[in-house]
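Just below is one structure, and these are the notes that go with it.
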Amino acid sequence: MWVIDIRHWLNKQQDGPAVPQLRLKVKKLAEIITWITLHDQGLSAGDVPKCWRRPEKKSCKGILIIRFEQDDRIHWFCPVCEDEGIIDGWQGLIWDMSKGTIH
Ligand SMILES: [Zn+2]
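Sequential numbering of the sequence shown, starting at 5, is according to our numbering.
Right under this line is the structure:
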């Protein structure tokens, strides 16, 4: 399982990827952060983010299962390809919609 401190992947302004190669990954992690922080407050968060893996070069169609860990890190799991990971360092980023930090 991956544990990602998303800040390590971000530019200085912390609002986009540090390098272009990380653009898609950062976009997906940002989607996950926005979704869970809205959903956690009972707010409409739109469609649940989908898996972005491409096992055997075909897009995985899994719908991610996303939840907070007890330490507030965000855990995602894809029930189809079983990809999973943990996002750390998300608090206060522009994608964090939790109370008190709406931008
Ligand atoms: Zn998947």
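All C-beta atoms in this analysis are idealised placements derived from N, C-alpha and C, irrespective of residue type, glycine included.
Computed from a predicted model, the values in this text were never measured in an experiment.
Task: Residues near Lys32 by beta carbon distance below 6 Å, same chain, minus five either side - done: If we look at Lys32 and ignore the five residues flanking it on each side, its Cβ neighbours are Trp56.
Open item on the list: If the criterion is Cβ atoms closer than 8 Å, does the pair Trp99 and Ile70 meet it?
Closed with: Using a Cβ distance threshold of 8 Å, Trp99 and Ile70 do not count as a contacting pair.
Task: Sequence ranges, alpha helix (DSSP H) only - wholly within the region 21-86, length at least 4 - done: Assignment of alpha helix (DSSP H) within the region 21-86, counting only whole runs of 4 or more residues, yields 27-43 in chain order.
Open item on the list: What does the alpha-carbon distance come out to for the pair His12 and Leu42?
Closed with: Cα to Cα, the separation comes out at about 24 Å.
Task: Ile67 versus Asn15, Met5 and Glu35, residue with shortest Cα-Cα distance - done: Nearest to Ile67 by alpha-carbon distance, out of Asn15, Met5 and Glu35, is Glu35.
Open item on the list: Quick check on Pro53: buried or exposed, where buried means 16 or more other Cβ atoms within 10 Å of its Cβ?
Closed with: With 16 or more Cβ atoms within 10 Å of its Cβ, Pro53 is classed as buried.
Open item on the list: Could you check if Arg11 belongs to the surroundings of ligand 1, using beta carbon to heavy atom distance under 7 Å?
Closed with: It does not: the Cβ of Arg11 is nowhere closer than 7 Å to a heavy atom of ligand 1.
- [ ] Classify Trp6 as buried or exposed, calling it buried when 16 or more other Cβ atoms lie within 10 Å of its own Cβ.
- [x] Counting every other CB atom within 10 Å of its CB across the protein chains shown gives Trp6 a total below 16, marking it as exposed.
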